[in-house]
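Colleague: Have a look at this one before I ask anything.
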Amino acid sequence: MGIRESFLFRLFNSVQEAEGQGQSAEKVIGDVVERVAEAERREAEQLMKEEVSPPLPGRKELELPWDHALIRLYDLWTDQTGEHPALSLYLEGISPDKEDKELKRLEKELEQEAKKRLLEALPRKPETSGEPEKSGVEYELDVMAALEALDGNIDQETLWNQESPKEQEAAKPEDTQEPALDALPYVFISADKMEAWLLIFPPVGQGKEADKEMLEEALAGKGITFGIEEELIAGIIDASEKYFHIFMAAKGEAAIQGKDGYIVDLYPRVIERKFEVDEHDRVDYASLNLIQNADKGDVICEAVPPTMGVTGRTVLGQKLSAKDGKAVKLPKGRNTEISEDGTKLLALQAGHVEFNNGSFQVKTVMEIDSNVDYTTGNINFLGDVHIRGDVCSGFTVRAVGDITVDGVVESGNVEAGGDLIVVKGIVGDRSSVVKAHRDIYAKYLESSIVHAKGNLHTDCILHSDVYCDGEIKVCTGKGVVIGGKLRAARGMEAKIVGSKSGSPTAVKLGGQPCAEFEKKLLIKEKEDLEKEMAKLEKQPESPSKTKRMNKIRLDLSVNGMKMGRFEQDMERIKAALEKQGGVRLRCQIAYPGIVLSIGDEKAQLTRETSSCNARLVEGEIKWS
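Numbering (the numbering used here), first residue to last: 5 to 628.
Structure (structure tokens):
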């Protein structure tokens, strides 16, 4: 902007005219200041609308007020050069979570830097000897002009060194000293020292254009030594819009924390037991596929090693520490080994893979291709047992793991340490007992005594005694429960309970049925041992008597330990059930003849009920 177009020149001419017409200089000064300020504000807003390019999607730009020092400096430069590039200020390469905070910091720093530059860019009158003193009005005009340019951030001594409007008018162009300022790079560093940007103020007068050496000195002056964008720095010099534009100058490297090692399982730790129900709502119990077979040398799981931490650096060259990941231990169990490189868990022999007590184990599976009868005898095995035929009447099968029977259990004693799967069903004679320490899956139960410490899943229960510490579910196939006594700790669900003929069907919910039954057996065992001990004490002394009495004392001690354990277990289960909430009997149809007990309450159903949801409400059993 030329001197004659400046605010100072316009204000001075108005004062001269006012003095010639006898008007008050102070009033004219106020009017002119107000008009010029309003005009410049409208002009600045219009230029901002025309010259600022719209922000790109997802990118925030620095929004500056029209009277910001940088905007004034930008206007001065465009007036002098005639160039009007788009003014678009944004921080390239910054993460969104830091953007708002850094833009606020940038706005404050730019205000200070631009004001300093603007002050240096104001024209100066060469110092001369015998310089006349300025009048009071001339000093006031100097102060107003400087305040308009610098928004009041200037010291008194600097203000008084500015030239007066009268001197500007009288001075010839060659007498006015235009400042010669080289281009000035300004470096902005993020608060976390991970990014640095460059903004270049243009030269003033005969000042030197920006060059690479200038930019490198500016970065070095700020202590930036790492992550400098060398190609970008070199390219800025030839850029058409190198002034009033923010360039990414350097970028640090964040520290990368090491990741902990982890286990990749090739065999699931929990086997999902999903029923395959056909269009007739029938379950194929043979297709549960609960056995996970592995051959010797098969990989059960793999350990992915941890990664090392990578040290980072700020743009100032400061190191950012990083932690290394932690190694993971392979869950080695029975019949498994760790590979030589320590990354794989291998099966030592063929068998069934199971995850138990925090480790993988390989259990050998006994395959019996025929019935369990006189050709095989009773079965007692430490692993899993798979019987492809039936368990015939009078025979016993015990296994530490799971037992799978493809046929029928006919009045045989079966006890599984894991799950029991009977594809065709269980038929008892009220003397044999079928037990599982986890879940039981059977096509049907008829005249059987069944103990399940987990849940019981079946299509039909007829006249059987059932003890279940979980939930009895008779929801597939016919879903019928008729007759017998059924005890379930966590509830019972079926399609139909009872019969139209009124077959007595007792259902007891709550407690711990299996433990209660075994407790009764222990009490009876204790009573029998005490009776036998009393008889032995009356007999004459003999080696056989002493031996038998010692054996009874040992049995009584074991009995007492078991009794104590049952008491603790029952208290724990009782507390868990109270937290879980009430138990209930749910069925589509309930026929008269059902006797339902929940806790200490008992009620008999006297009429057929649909959509039955029997539960204990305020101490009373409701059948709704």
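Note that the Cβ used here is the ideal one computed from N, Cα and C, for glycine as well. If you're wondering where the values come from, they're calculated on a predicted model, not measured in any experiment.
By alpha-carbon positions, which one of Ile-391, Thr-400, Ser-397 ends up nearest to Val-409?
Modeller: Closest by C-alpha distance to Val-409, out of Ile-391, Thr-400, Ser-397, is Ile-391.
Colleague: At which residues does the beta strand (DSSP E) containing Glu-213 begin and terminate?
Modeller: No beta strand (DSSP E) holds Glu-213; DSSP gives it neither H nor E.
Colleague: With DSSP as the reference, label Ala-238 as helix, strand or coil.
Modeller: helix
Colleague: Once DSSP output is grouped into helix, strand and coil, what is the label at Thr-610?
Modeller: Thr-610 falls in the coil class under three-state DSSP.
Colleague: Within 10 angstroms of the Cβ of Ser-168, are there 16 or more other Cβ atoms? Answer buried if so, exposed if not.
Modeller: A caution first: Ser-168 carries a pLDDT of 43, below 50, which makes its placement in the model too unreliable to give a value.
Colleague: Helix, strand or coil: which one does DSSP assign to Trp-81?
Modeller: helix
Colleague: Can you tell me whether Lys-300 is buried or exposed? The criterion is at least 16 other CB atoms within 10 Å of its CB, across all chains shown.
Modeller: exposed
Colleague: Give me the Cα-Cα distance between Gln-166 and Leu-123, rounded to the nearest whole angstrom.
Modeller: Residue placement at Gln-166 is poorly supported in this model, since its pLDDT is 45, which falls under 50; the coordinates still yield a value, given next. In a straight line, the C-alpha of Gln-166 is about 10 angstroms away from that of Leu-123.
Colleague: State the start and end residues of the unbroken alpha helix (DSSP H) segment that holds Ile-527.
Modeller: 517-542
Colleague: Closest by CA to Arg-557, which one among Phe-570, Ser-546, Glu-529?
Modeller: Glu-529
Colleague: Since Cys-396 contacts Val-418 with CB under 8 angstroms, what's their CB separation in whole angstroms?
Modeller: The Cβ separation is near 11 angstroms, so there is no contact.
Colleague: Going straight from the alpha carbon of Glu-624 to that of Gly-603, what length do you get?
Modeller: Each residue's alpha carbon lies about 11 angstroms from the other.
Colleague: On the premise that Leu-352 lies in contact with Arg-366, defined as a C-beta separation below 8 angstroms, what is that separation, rounded to the nearest angstrom?
Modeller: Note on residue identity: the sequence assigns Val, not Arg, to residue 366. That pair is a contact at about 6 angstroms.
Colleague: Can the beta-carbon of Gly-421 be found closer than 8 angstroms to that of Thr-400?
Modeller: no
Colleague: Kindly indicate which residue of Lys-226, Met-252, Phe-248 has the alpha-carbon position closest to the one of Ile-237.
Modeller: Met-252
Colleague: Using 8 angstroms as the threshold, is the C-beta distance between Ile-204 and Lys-255 below it?
Modeller: no
Colleague: What is the rounded straight-line gap between the Cα of Lys-477 and the Cα of Thr-509?
Modeller: So the alpha carbons of these two residues sit roughly 16 angstroms apart.
Colleague: If Val-404 and Leu-424 are in contact, beta carbons under 8 angstroms, what's the gap, nearest whole angstrom?
Modeller: Wrong, their Cβ atoms sit about 13 angstroms apart, outside the cutoff.
Colleague: In this structure, does DSSP put Gly-429 in helix, strand or coil?
Modeller: strand
Colleague: Measuring CB to CB, does Leu-620 end up less than 8 angstroms from Gly-586?
Modeller: yes
Colleague: So, with DSSP's three-state summary, where would you put Asp-559?
Modeller: Correct three-state label for Asp-559: helix.
Colleague: What residue from Val-427, Ala-493, Glu-276 has the CA that sits closest to Pro-517's CA?
Modeller: Ala-493
Colleague: Who pairs with Trp-201 in a beta bridge, going by DSSP?
Modeller: Residue pairing of Trp-201 in beta bridges, as defined by DSSP: Phe-192, Met-252.
Colleague: Please confirm whether any heavy atom of the ligand MG lies closer than 7 angstroms to the CB of Lys-120.
Modeller: No copy of the ligand MG occurs in the structure displayed, which carries no ligand at all.
Colleague: Which partner residues of Glu-605 appear in the DSSP bridge assignment?
Modeller: Partner(s): Ile-602.
Colleague: Given this structure, state the Cα-to-Cα distance separating Lys-226 from Glu-117, to the nearest angstrom.
Modeller: 15 angstroms
Colleague: Is the number of C-beta pairs between the segment 534-541 and the segment 490-504 that are closer than 8 angstroms three or more?
Modeller: no
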